[in-house]
Amino acid sequence: MFFFSFSIINPLYSTTIYFVVYSVFCIPPSLAHLLSFIFLFCSIIFRGIGVENKPELQRVLEERKREQIIKQKKQDEEARRKISQLEHELLKRHQKLDELEKEPARLEDSNCSAPEFIKVKENLRRTSFASSGEKEV
1 MFFFSFSIIN
11 PLYSTTIYFV
21 VYSVFCIPPS
31 LAHLLSFIFL
41 FCSIIFRGIG
51 VENKPELQRV
61 LEERKREQII
71 KQKKQDEEAR
81 RKISQLEHEL
91 LKRHQKLDEL
101 EKEPARLEDS
111 NCSAPEFIKV
121 KENLRRTSFA
131 SSGEKEV
């Protein structure tokens, strides 16, 4: 039986980052390993965030264009929401009619909450006025 022992090469050691940290800056291998790992981990997480390919002027122009589009959409929505004067007057009239229809019901509710002797007194007044009106005719 033959046993071959292969040492597994850590891919981190073969990267250029490790080489630069270890050889150029003369940092001990354990610290170079840690620093290169941190750098690789951060580059994976923040891939493309720190790098801007567009010049500042182009970025500003695109931002303005986005703001104008948003503003235009808001104006369109407001224009759709606005109602004409005729619709406004019709709405007012409808509300007035609803109030007039609810008024008798409101009076009846107020009478229901009144004590019984007040209701009897009002009924007596109505009958007395009605009987006196018939006599005059």
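Residue numbers (UniProt numbering): 1 to 137. For every residue, glycine included, the Cβ atom is placed at its ideal position computed from N, Cα and C.
Using only the alpha-carbon positions, how far apart do residue i and residue j sit?
i	j	result
residue 82	residue 38	57 Å
residue 61	residue 94	50 Å
residue 101	residue 89	18 Å
residue 63	residue 54	12 Å
residue 97	residue 121	31 Å
residue 59	residue 68	14 Å
residue 77	residue 57	31 Å
residue 92	residue 99	11 Å
residue 70	residue 79	14 Å
residue 73	residue 103	43 Å
residue 117	residue 105	21 Å
residue 140	residue 108	Because the chain in this structure spans residues 1 to 137, residue 140 falls outside the shown range and cannot be described.
Does DSSP classify residue i as helix, strand or coil?
i	result
residue 69	helix
residue 123	helix
residue 104	helix
residue 92	helix
residue 149	The structure shown does not extend to residue 149, since the chain is modelled only from 1 through 137, so no value can be given for it.
residue 74	helix
Who are the near neighbours of residue i in its chain, counting only those whose CB is closer than 8 Å to its CB and skipping five residues on each side?
i	result
residue 50	For residue 50, the predicted structure reports a pLDDT of 48, less than 50, and the residue's modelled location is therefore unreliable. The matter cannot be settled from this model.
Given residue i, which residues of its chain have a CB within under 6 Å of its CB, disregarding the five upstream and five downstream residues?
i	result
residue 86	none
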